[in-house]
């Protein structure tokens, strides 16, 4: 036995020595700061002329470095056509669209240098930017724009208002429309307006294009490791001038705690999708934490069903009065949940300040139920996705119980949730919609009269015409008024019961400069202008 | 022996056939439509019924279940595991990429659990009711009960964030950067190995205690043999039978990957592939991963059964 013990001790010593060797040999990869100092470039594009690292004055843009961004999960599709804002956010380094937009959803020039809407609203003429090269060396021109838009139209249900596309000259296209829709231009800011290489797609197929974005962006695809990372490298022929960064690396970490620790350990420059519970810790550690409105959540009643108690407006109002949104937001939201009484948050165009909201009043809720013929209250179900915040759902349950509404909570997986929203449900559906800069875009997707989603929620008669009016407005002022009108209709009818504005939170280290991500939007951002300070 | 092996292989084929039917039907019984889930990832644009029908047709999901099943089986037999509905990737390629990662981590943890767990179990048994036994038994209980994901986070905090000794996440191929890989796998392998070591210690100890009371062991002692010879030559082989059974079952975990550890350490292994596929209702991904795990479980079970004959010569195969 003595011999055995000596062998065990020797074995353990060898293991310890091996581990010590590993520790001493390695130096963990940290987030990059500029290392490369190329010569001074003259830019005529979007970006101002930067200086090299060696000659840079404090605050002046510098070349070099790899921007590292932690995301929770990889995009299913980061090429063409992008299927979601998540994938589009990732793809933005490579993929560029015809338009950019401001905080109000107003289109700004991008690959479209300028555009003109015909006075009768039946066409939009777009002047395509000249001298733009794609990653494969082909040129951006009117023919390519037409091919891209036609391909997208053939594969997606949006852009339906386009009846045809005419190439007027090498850099001018005209979109012929059945009717004008301001959602059209917003769509061209995102998915529909992405310009990719026809040659590459025809050679490799559309499936290849899902994960190979060959576009005009400041960065091009270098390597993708599924569930691990996506690496982009600088595209030196970028039309807007040489991008500042050597590259961008998306790091995928599914576990939020691991992601937080990796970010704090300096493994990345930007942490996306931060949980509100980590914000104080990040701020205390000196990180820049930003938040933008992400979702308006609601309870959608099955009011289209005449047998449902929610077919009666008073019952819907009772639910709204029964929930103390402010108290819940304060207790659970940690400052990143805001009570909502309408679908448009105060940060977005179309917020209606005249709507004061059905603030917490359980007595009034009980009274309304009594008037509606439910003196002893009623029993219903709240359907919610399994990923929803359970504390919120329990809070709703408790508040509704105070108003004599006995609620059963049913948690369903994403598949079932979509099935219910598209086929119908019994009771209340907990859901919401994105807070896009142009709110018409999301209203049209989620709550269009006769639309795909929330089929069991009755839209009031005036909702459909008001939405048609809203999407056909051409000026900012008109759009604002039209969305405000929609908000009023929704509120007056208690069509859905708005609950909260949720916020998307991001954290940035001190090296990230001139980055507008999470300033106005968590998907759109000026990736070409971002640089890293030492 | 040959007849036995042939019979077992035929049984394996039958079981695999049943597994394919079960997983195929079970996936389709899950609530939710994968096409809708695919089209409405995050905030997709508006969808028309025509678009849904078009994609359903493209993926062949509008055909009868029987046709879909035989189409899938036909492809599987030729080595084509199909394509992911959600991510469009070739599943066979994805398995080729992920399987070595799960095997690497799992096999290391497996070997460590045997190298450390079995000797410690033997020591605990032969030093029964001493402080050595008490310490090893307590550590064994701790190792079994400790949640691995919590252990992972604790290690990341200590060794990654605070001490800055080891990488917090990721997996680099050892052929690409051996030292980086060595650093990256230490924590996940340790986390995977802890419960395996603990269960090996516990089972080996109890099994050895049982064997050490047998007449033939007492005879060996009475012959005046040295402790090492009694334990290694006479007791250990018989004592290992239940341990081998346990380890054989855990082979499936190596292939299937550990979703918790892979998630905590952000490692692209088989566990995450299967679970992500399940959550996304990605039929082909789940069917393929379940099938692969089933093949490995059946094959390892057969090998275990064959190993009993070597461990205990009294066992005969008919």
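Residue numbers (our numbering), protein chains in the order written: chain W, 864 to 1397; chain A, 11 to 328.
All residues carry an ideal CB built from backbone N, CA and C; glycine is no exception.
Residue i - partner residues in DSSP beta bridges
i: residue 1163 of chain W; result: W:1292
i: residue 1361 of chain W; result: W:1161
i: residue 934 of chain W; result: W:1115
i: residue 1082 of chain W; result: W:1097
i: residue 1371 of chain W; result: W:1133 and W:1151
i: residue 964 of chain W; result: W:970
i: residue 1035 of chain W; result: W:990 and W:1032
i: residue 1088 of chain W; result: W:1092
i: residue 1394 of chain W; result: W:1376
i: residue 1110 of chain W; result: W:929 and W:1096
i: residue 1200 of chain W; result: W:1365
i: residue 93 of chain A; result: A:100
i: residue 996 of chain W; result: W:1002
Start-to-end residues for the alpha helix (DSSP H) that takes in residue i
i: residue 110 of chain A; result: 101-122
i: residue 1355 of chain W; result: 1339-1356
i: residue 14 of chain A; result: 12-39
i: residue 1331 of chain W; result: 1326-1334
i: residue 287 of chain A; result: 280-289
i: residue 1049 of chain W; result: 1045-1052
i: residue 129 of chain A; result: 128-136
i: residue 227 of chain A; result: 225-232
i: residue 1105 of chain W; result: Where residue 1105 of chain W is concerned, there is no enclosing alpha helix (DSSP H), given that its DSSP letter is neither H nor E.
i: residue 1022 of chain W; result: Element bounds for residue 1022 of chain W: n/a, residue is neither H nor E.
The beta strand (DSSP E) enclosing residue i, as first and last residue numbers
i: residue 988 of chain W; result: 986-991
i: residue 241 of chain A; result: Counting along the chain, residue 241 of chain A falls outside any beta strand (DSSP E), and DSSP gives it neither H nor E.
i: residue 1241 of chain W; result: 1241-1248
i: residue 977 of chain W; result: 975-980
i: residue 1028 of chain W; result: 1025-1032
i: residue 1270 of chain W; result: 1268-1275
Chain-ordered chain W contacts of residue i [CB-CB under 9 Å]
i: residue 276 of chain A; result: 1090, 1091, 1114, 1115, 1116, 1117, 1118, 1121, 1122 and 1125
i: residue 219 of chain A; result: Those within 9 Å of residue 219 of chain A in chain W number zero; the least Cβ separation is about 17 Å.
i: residue 104 of chain A; result: 1089
i: residue 163 of chain A; result: 1118, 1120, 1121 and 1124
Short Cβ contact (8 Å threshold) for residue i with residue j
i: residue 1136 of chain W; j: residue 952 of chain W; result: no
i: residue 1077 of chain W; j: residue 974 of chain W; result: no
i: residue 1278 of chain W; j: residue 47 of chain A; result: yes
i: residue 1294 of chain W; j: residue 1134 of chain W; result: no
i: residue 1161 of chain W; j: residue 1359 of chain W; result: yes
i: residue 1127 of chain W; j: residue 171 of chain A; result: yes
i: residue 1346 of chain W; j: residue 1213 of chain W; result: yes
i: residue 124 of chain A; j: residue 210 of chain A; result: yes
i: residue 971 of chain W; j: residue 1058 of chain W; result: no
i: residue 105 of chain A; j: residue 264 of chain A; result: no
i: residue 1276 of chain W; j: residue 1243 of chain W; result: no
i: residue 1258 of chain W; j: residue 1228 of chain W; result: no
i: residue 987 of chain W; j: residue 1008 of chain W; result: no
i: residue 1022 of chain W; j: residue 1012 of chain W; result: yes
i: residue 1232 of chain W; j: residue 1240 of chain W; result: yes
i: residue 1349 of chain W; j: residue 1329 of chain W; result: yes
i: residue 135 of chain A; j: residue 218 of chain A; result: yes
i: residue 45 of chain A; j: residue 17 of chain A; result: no
Chain A residues whose Cβ lies nearer than 7 Å to that of residue i
i: residue 1073 of chain W; result: 98
Within chain W, partners of residue i - CB distance below 7 Å
i: residue 178 of chain A; result: 1121, 1124, 1125, 1128 and 1130
i: residue 273 of chain A; result: 1117 and 1118
i: residue 166 of chain A; result: 1121 and 1124
i: residue 171 of chain A; result: 1124, 1127 and 1128
Neighbouring residues, chain A, relative to residue i (Cβ below 9 Å)
i: residue 1070 of chain W; result: 93 and 98
Chain C residues whose Cβ lies nearer than 7 Å to that of residue i
i: residue 1285 of chain W; result: Considering every chain present, this structure includes no chain C. Its protein chains are W and A.
Under 9 Å (Cβ pairs) to chain W, residues found in the stretch 112-141 of chain A | Interface annotation for the stretch 112-141 of chain A against chain W: 125, 129, 133 and 136, criterion Cβ-Cβ distance under 9 Å.
Going along the stretch 1093-1126 of chain W in order, which residues come within less than 7 Å of chain A, judged by CB to CB distance?
-> For chain A, the residues of the stretch 1093-1126 of chain W that bring a beta carbon within less than 7 Å of one of its beta carbons are 1115, 1116, 1117, 1118, 1120, 1121, 1124 and 1125, in chain order.
Residues of the stretch 1269-1282 of chain W with Cβ closer than 9 Å to any Cβ of chain A, in chain order = Listed by position, the residues of the stretch 1269-1282 of chain W near chain A (Cβ gap below 9 Å) are 1275, 1276, 1277, 1278, 1279, 1280, 1281 and 1282.
Residues, ordered as in the chain, of the stretch 277-300 of chain A that lie near chain W by beta-carbon distance below 9 Å | Here the close residues are 277, 278, 279, 282, 283, 286, 289, 290 and 291.
Given a limit of 8 Å on CB to CB distance, which residues of the stretch 17-45 of chain A reach chain W?
-> Answer in chain order: 40, 41, 42, 43 and 44.
Residues of the stretch 210-243 of chain A with Cβ closer than 7 Å to any Cβ of chain W, in chain order | Residues are counted here when their Cβ sits less than 7 Å from a Cβ of chain W; for the stretch 210-243 of chain A these are 237 and 238, given in chain order.
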